[in-house]
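Novice:
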Amino acid sequence: MSIREFFKNWFFKDCSVMTGDGKNFEASEYMSTIWEQPGFMLPIKKKIKACQNIEMGIYIGKEDGKKKVDNHILNKIFRMINPNTSFQDFIDYLIVWLEGSNSGVLLELIKGLPSLAPDLYIHSPNNFTVYFEGRRIKEIRIHNPAKTIIGDELKNYMWLSSPNYDNIIDGVSGNGIGQGRSKQNALAIFGAYLFKAWKWNWSLANNLGKPGGILQTEGAVDKEDREEIRSKYSAHYAGAENTGSPLVLGSGLKYQDTSKAPIDADWSTAEQKAHERAAIAADVPVELVGGGDMTLEEITEPATTEGERAEDV
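Residue numbers for the sequence shown follow full-length UniProt numbering, beginning at 1 and rising by one.
1. Quick check on V130: does DSSP put it in helix, strand or coil?
2. Exposed or buried, which one is L107 when buried takes at least 16 other CB atoms within 10 Å?
3. Does V69 pass the burial test, meaning 16 or more other C-beta atoms within 10 Å, or should it be called exposed?
4. Can you tell me whether T19 is helix, strand or coil according to DSSP?
5. Going by beta-carbon coordinates alone, are I60 and N75 separated by less than 8 Å?
6. Using alpha carbons as the reference points, say which of N144, R136, P145 and A146 lies closest to W159.
7. Which same chain residues, not among the five before or five after residue 315, have their C-beta less than 7 Å away from its C-beta?
8. Can you grab the Cα-Cα spacing for the pair L154 / S231, in whole Å?
9. Going by DSSP, which residues form a beta bridge with R141?
10. Below 8 Å between beta carbons: does that hold for I149 and E139?
11. Alpha carbon to alpha carbon, what distance is there between K66 and V221?
12. In whole angstroms, what separates the C-alpha of E228 from that of E276?
13. Under the DSSP definition of a beta bridge, which residues are partnered with L154?
14. Between the Cα of V130 and the Cα atoms of V286, I122, R141 and E224, which residue gives the shortest distance?
15. Can you tell me whether V286 is buried or exposed, with buried defined as 16 or more other CB within 10 angstroms of its CB?
16. If you count every other CB in all the chains shown that lies within 10 Å of the CB of I280, and 16 or more means buried, which is it?
17. How big is the Cα-Cα spacing for N71 and D225?
18. Name the two residues that bound the continuous beta strand (DSSP E) containing I60.
19. By a C-beta neighbour count over all protein chains shown, 10 Å radius and 16 as the cutoff for buried, is Y157 buried or exposed?
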């Protein structure tokens, strides 16, 4: 099922077929221009944005937050990833590996306009040979189209073959030709490193758009309260489980929604007052439009009681 078909099915199942002004809604016309509808594209773009421009790296937890590990073995791969490439695109590149011999996979860095071209090209496992000099890569030969990579140009290539992805050691034969791992094995090892990053992005996508807020307290915040706030915030921003989700705290603290800007809040108040004035002008209770301090049921109940008493007399 294509993305368009999915949203079409969702639309006809869950959406209303009438507009706010009572006119018939032309679903076919809406679907034909759905990518131009701001009410549809805004949340979709926010979801997509959640999985883009994520800086990949290895971090370790600290008491005061987290710290980036600068010398981790995977940093060489992360440096090759274009920041404009989404996490999903990068996974797609890896899954695209073709069936081949036991020689791993070759990543080639593509230089150009980052927004128009993929930043990585994956060479099929059976379409290249890696030559070693000692424990260092000396030469890479791509068979079709024929190409030889040597010298400084080797910096633009990475051979994912060994368990630690360091381009060397694993499976190097006596004649200096590299024999790596199968694509399934390599992807499984690489996926173990990326699983936490996937959870982080997935949590962002699920929670993006939920209202933010501020914390209020009616009394003094003691040392234990501050420690709880500090620990909860550290876990909230350092762990994939809570990424993007509303923060819940105890200690008598209250969470105040700040999803509306002050001008939006003022507009909502003015709009409510306008509804109340319209109700008064039409000689109907303002409670019908959510105004007043009483509900409509509360103001009609006494009148009914008085009427019953009059009949009894």
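Backbone N, C-alpha and C fix where the C-beta goes; we use that ideal spot for every residue, glycine too. It should be emphasised that the depicted structure is a prediction, and the values quoted were computed from it without experimental measurement.
Specialist: Concretely, from the data shown:
1. strand
2. buried
3. exposed
4. For T19, the predicted model reports a pLDDT of 39, less than 50, meaning its position is unreliable; a value from the coordinates is still stated below. T19: coil per DSSP, three-state reduction.
5. no
6. R136
7. Because the chain spans 1 through 313 in this model, residue 315 falls outside it and cannot be assessed.
8. 45 Å
9. T129 and T148
10. yes
11. 25 Å
12. 44 Å
13. According to DSSP, L154 bridges with nothing at all.
14. R141
15. buried
16. exposed
17. 37 Å
18. Y59 to K62
19. buried
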